[in-house]
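Here's the structure we're looking at; comments come further down.
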Amino acid sequence: MNDVKKLFGLWLEKTKDNPEFQDELLSVKDNDEEILDRFYKNLEFGTAGLRGVLGAGTNRMNTYTVCQATQGLADYLNSKGEGASVAIGYDSRINSDVFSRQCAEVLAANGIKAYIFPRLMPTPMLSYAVMRLKCQSGIVITASHNPSKYNGYKCYDPSGYQMTDEAAHETYSFIQRVDMFEDVRRIPFDEAMEKGLIEYITDDVVEEFYALVMKKPINPELCQNSDIKIIYTPLNGTGNVPVRTILERAGFRNVSVVKAQEKPDGLFPTCPYPNPEIKQVFECALEMTKEEKADLLLATDPDCDRVGIAVRVGDEYVLLSGNDVGVLLTEYMLSARKENGTLPESTLMTKSFVSIRLVDKVAAKYGCRVVDVLTGFKYVGEFVSNLEKDGEDYRFIMGFEESYGYLIGTHARDKDGVAASLMVCEMAAYYKAKGMTLVDALNAVYEEHGYYRDKLYNFAFEGASGMVKMKEIMAETRNNPPEKLAGLRVLRVHDFQSGTITDTASGETEELDFPKSNILAYDLPDGNFAIVRPSGTEPKIKVYITGVGKSKEEADALAENIGEAMKELLKIGD
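Just so it is clear: in the sequence shown, position 35 is 39 by the working numbering, and no numbers are missing.
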């Protein structure tokens with residue numbers, strides 16, 4: 005743990021020319037808990053980059069922590085040789101544009117060419133730009149769907165996906181050597197532009213991205229001829245222009261936007277938690293439906309890498325989970341491509357291992373193999389890049405994770421809310437032409453394969469004490485595996501930290517073919533399961549539950565009971 009008092013004094017001294025930081029620090033000078041939270045640790049740079057609350061301190065997102073990370077990244081890239089370049093993107097969050105320019109200034113001062121978008125852009129477009137411009141890395145300033153007090157810093161590798169473990173650890177080793185007040189080199193932005201060290205990414209790159217997305221429709225005539233009514237909200241983020249542009253070019257003419265959530269605004273005034281996984285973000289859209297009924301409500305998060313939907317059923321709107329949409333996209337894309345003869349042999353798709361296993365059944369029906377990867381879309385991107393190296397990327401249909409992240413095809417190496425929005429709208433148009441809603445289509449899948457009900461629990465642990473508590477819970481649970489959950493025998497325990505799968509009946513173990521991670525999973529009879537893991541980007545423990553039954557009611561009850569059993573096991577309340 006850092007010497008918080010010493011750091012507090014250092015920051016007071018070093019930020020004298022920053023009135024905002026001075027005011028913040030002086031306001032907490034007599035509050036030991038507040039000082040501890042700001043300085044007990046440095047923001048950790050991992051495979052998800054940096055993420056933290058905006059403000060003064062080593063455990064905050066600010067000019068000094070961002071520039072320290074960028075100096076470390078520059079040192080890492082320069083250690084690999086000269087001539088490196090980095091693409092930079094940013095979202096609508098507070099200081100995202102400021103931080104992105106500062107990143108460019110640091111890179112330029114270290115002899116690294118910085119390509120920066122002249123305006124806010126979706127995260128998947130940055131992923132594409134890294135590949136298109138043949139950069140050695142990429143930076144996105146975003147905190148995705150977190151509340152407005154957060155911002156973050158994601159780093160990408162040359163293949164366009166977020167850094168995986170080895171590169172992130174090596175980069176972090178360079179960052180740790182950087183004194184954020186003494187060692188950071190910067191050159192003024194305009195001066196670097198004049199010297200050609202910083203260059204704006206042109207609209208040609210944006211148009212190329214659009215062109216690749218426009219190749220995604222399987223039945224483009226459906227998009228052009230459908231009367232489907234869509235209400236779209238970008239949640240005050242980056243999706244407004246790209247998503248509406250793509251839907252218009254595809255032929256969807258009946259699209260309305262939520263005016264209160266249309267323009268970029270890092271305060272997110274109408275949705276303090278801008279996460280399309282929760283129904284609250286659709287409140288403004290639902291208000292619009294009192295005047296104009298819509299078939300589909302569509303929401304993208306602030307950096308537009310996730311998309312969530314609500315579907316009209318009678319006079320109600322049903323929010324579909326990320327797993328629901330993943331199942332529907334799997335069924336639609338495989339069946340539609342089979343119908344029109346464009347389904348390759350030996351097709352592949354991938355999903356995070358915490359995502360619903362119903363997808364495996366649906367995919368198997370069409371001869372498609374599902375490959376599970378660790379949570380984190382970088383593993384999907386890495387999988388696609390390896391396919392491309394082997395000349396087999398044509399086999400790839402889709403990658404997805406249960407938290408509303410989807411990659412349709414191979415144009416990017418990160419989840420893409422732009423392309424996913426287009427495919428969801430095409431899918432809705434397809435089923436509407438058959439007289440069905442997306443809920444009807446999902447129920448048809450359940451009727452064929454069984455009812456699967458997924459639940460996600462998020463338990464927050466704020467501050468220094470919260471991090472300690474999370475570690476204690478995971479250690480206690482790991483050391484005392486349950487024999488039963490909700491009356492169901494635990495068949496196998498997957499411990500991703502030790503890299504083993506243990507058969508509870510025989511005690512025999514086998515190797516778990518995943519990177520080491522602090523995750524525990526429990527297989528239960530008949531396809532039921534539970535998984536617990538600390539979040540990689542938030543101070544939370546996440547618990548994933550799937551209940552499987554012969555009816556919706558049975559599956560719901562099982563999921564509820566397993567969830568309650570997991571809360572009891574972890575000794576965590578609501």
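Every residue, glycine too, gets a C-beta built ideally from N, C-alpha and C.
The model shown is predicted, which means the values in this text are computed figures rather than measured ones.
Secondary structure of Thr-550 (DSSP, three-state): strand. In the DSSP assignment, the residues bridged to Arg-55 are Gly-156.
Its chain contains Lys-233, Arg-316 as the residues whose beta carbon lies nearer than 8 Å to that of Lys-297, once the 5 sequence neighbours on both sides are disregarded; these appear in chain order. Under the three-pair Cβ rule at 8 Å, the region 128-141 does not count as touching the region 339-359. Per DSSP, Met-402 is not a residue of any alpha helix (DSSP H); the beta strand (DSSP E) it occupies stretches across 400-405. Comparing alpha carbon positions, the residue from Tyr-80, Asp-79, Glu-24 closest to Gly-61 is Glu-24. Under the DSSP assignment, Met-292 falls in the alpha helix (DSSP H) whose first and last residues are 287-292.
When secondary structure is reduced to three states using DSSP, Asp-41 falls in the helix class. About 6 Å separates the CB atoms of Pro-306 and Arg-97; that is less than 8 Å, so the two are in contact. In the three-state reduction of the DSSP assignment, Gln-166 falls in the strand class, which pools E and B. Here the region 508-519 does not lie against the region 336-349, with fewer than 3 beta-carbon pairs under 8 Å apart. Straight across, the Cα-Cα distance linking Ala-147 with Gly-511 is about 42 Å. Selection Glu-557, Lys-544, Gly-270, Leu-562 evaluated against Gly-551 yields Leu-562 as nearest (Cα-Cα).
Contact annotation: the region 110-127 touches the region 74-81, with at least three C-beta pairs closer than 8 Å. With a beta-carbon spacing of about 7 Å, Thr-379 and Glu-405 fall inside the 8 Å limit used to define contacts. For Leu-302, the uninterrupted beta strand (DSSP E) segment begins and ends at 300-304. In this structure Gln-106 is buried. Its beta-carbon is surrounded by 16 or more other beta-carbon atoms within 10 angstroms. Distance from Val-358 to Ile-477 at the Cβ level is roughly 18 Å; contact not present, criterion being Cβ atoms closer than 8 Å. The beta carbons of Phe-463 and Ile-545 sit closer together than 9 Å.
Residue pairing by DSSP puts Met-353 in a beta bridge opposite Val-374, Met-402. For the pair of segments examined, the region 193-204 was found not to touch the region 212-227: the number of CB pairs separated by less than 8 Å stays below three. Taking a C-beta distance under 9 Å as the contact criterion, Gly-50 and Tyr-176 qualify as a contact pair. If you draw a 10 Å sphere on the C-beta of Glu-37, you find fewer than 16 other C-beta atoms in it, and that means exposed.
Counting only residues of its own chain and dropping the five nearest sequence neighbours on each side, Val-259 has a CB closer than 7 Å to the CB of Ile-234, Tyr-236, Arg-248, Leu-251. The residue from Asp-7, Phe-121, Met-218, Lys-263 with its alpha-carbon nearest to that of Asn-240 is Lys-263.
Between Gly-312 and Leu-300, the gap from beta carbon to beta carbon reaches 9 Å or more.
In the three-state reduction of the DSSP assignment, Val-110 falls in the helix class. Beta-bridge partners of Arg-493 (DSSP): Lys-488. DSSP, read as helix, strand or coil, puts Leu-426 in helix.
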